[in-house]
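These notes are about the structure you will find just below.
Residue numbers (our numbering): 55 to 468.
The following block contains the structure:
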């Protein structure tokens, strides 16, 4: 029904009157034509106000203000050595600007097949309460201070959205996307650039094929992925956070909520997490500092190091050392520990009063490796393995330590 209403409104749009027009020589075989339009919108119907921009090859700047006036300035740049040809191109390529009688529906449409020598630059001011829909063939988009839906698409430029109150969907095939100081759910896509979200309340989702992702100072769930860049999370408060990259490092700090991080070719570094943590890397190290929740981490070819881990700890690497410093937060119910490495040493540091049953095993060359413990421990061997068993206090929690070709060291926290 909404789409039918939009089609009816567009079909009945009127052409606004120009308030200014100029055409002058610029420089370097370049001419510039400028058209300005201004009209007033009705106070009623705020919730239906919509600006649609299509088939423009150029930059667009939109700013919401406390006003009932809409001001549109169209700048057309033409590369030509001939003023006659440039004036002709200018006249042929002026965009078609239409509006409804009350001014609450505006459409700007460019030439669907523009000349390569023609480039647009739009500067638009309008009332804050407006929804924006752009589908342009190339250029940057900059929108500030809008209360409404922002649905923004460009085939070849950057997108910057600031102070948006409403749902945001933004897509570019060849540039960066940045959202800041906004409220509402956000969905961002870039085929070859970075994604940056900051000081925004709402659910955040985003994908980029060739750039970095930065999410900071966000209240809401986060689900982002990149095929060729790094991920940086900080100061996020949510239920669930997911970050996936195929070719970069991941950093996360000051997180309130459960977090899942995966990288196929980089390191994972985490600090100050109040929630459960899952991490996996196929080709890097994992470093953790202060996680108040359960930890599950895997590395195929790197070391694992964790300090001040409060809950369950499961850590496994195929080639690297594991070093874990466990704290006993009695507010958490479970504290089991399972550490496994195929080629590396294991160091486990636990509080002296931590009640645990510890089973340690070293497989491989028995003469080269050993189990050492600050706690009383019983050592046994067979043809292939060295075993260590220790019961500390009531032995409440299970601790399993296993390595092939490496030492095991159990330390008591001083």
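Yeah, the Cβ is synthetic: ideal placement off N, Cα and C, and Gly gets one too.
Which residues in the same chain have their Cβ closer than 6 Å to the Cβ of residue i, if we skip the five residues on either side of it in sequence?
i	result
residue 431	442 and 444
residue 88	76 and 129
residue 400	376, 393, 455, 457 and 462
residue 106	161 and 187
residue 323	305 and 341
residue 410	446, 451 and 453
residue 337	319 and 355
residue 214	196 and 232
residue 114	176 and 195
residue 402	378 and 464
Do you know offhand how far residue i's Cα is from residue j's?
i	j	result
residue 320	residue 195	33 Å
residue 348	residue 331	6 Å
residue 398	residue 460	5 Å
residue 60	residue 354	Bear in mind that the predicted position of residue 60 carries a pLDDT of just 49, short of 50, making it unreliable; the figure below should be weighed with that in mind. The straight-line gap from Cα to Cα measures roughly 54 Å.
residue 423	residue 413	16 Å
residue 465	residue 233	47 Å
residue 197	residue 184	11 Å
residue 72	residue 268	43 Å
residue 310	residue 363	15 Å
residue 291	residue 258	12 Å
residue 368	residue 351	6 Å
residue 288	residue 70	47 Å
residue 415	residue 358	18 Å
I'd like to check one pair, residue j with residue i: are the Cβ atoms closer than 8 Å?
i	j	result
residue 221	residue 203	yes
residue 116	residue 178	yes
residue 180	residue 124	yes
residue 256	residue 281	no
residue 91	residue 151	yes
residue 325	residue 343	yes
Quick one: grab the DSSP three-state call for residue i.
i	result
residue 341	strand
residue 139	helix
residue 221	coil
residue 173	strand
residue 438	coil
residue 419	coil
residue 123	strand
residue 165	coil
residue 100	helix
residue 454	strand
residue 145	helix
residue 72	strand
residue 216	strand
residue 316	strand
Apart from the five residues on each side of it in sequence, which residues of its chain come closer than 8 Å, Cβ to Cβ, to residue i?
i	result
residue 111	164, 168, 172, 173, 174, 190, 191, 192 and 193
residue 156	95, 96, 98 and 99
Given residue i, which residues of its chain have a CB within under 7 Å of its CB, disregarding the five upstream and five downstream residues?
i	result
residue 467	403, 404, 405 and 406
Notebook entry, point to check: With a cut-off of 8 Å, do at least 3 Cβ pairs link the segment 77–97 to the segment 123–137?
Noted result: Because the criterion of three Cβ pairs below 8 Å is met, the segment 77–97 and the segment 123–137 touch.
Margin query: Measuring CB atoms only, is the segment 271–280 touching the segment 293–307, in the sense that at least three cross pairs come out at less than 8 Å?
Written below: Judged by Cβ distances under 8 Å, the segment 271–280 makes contact with the segment 293–307, as three or more pairs qualify.
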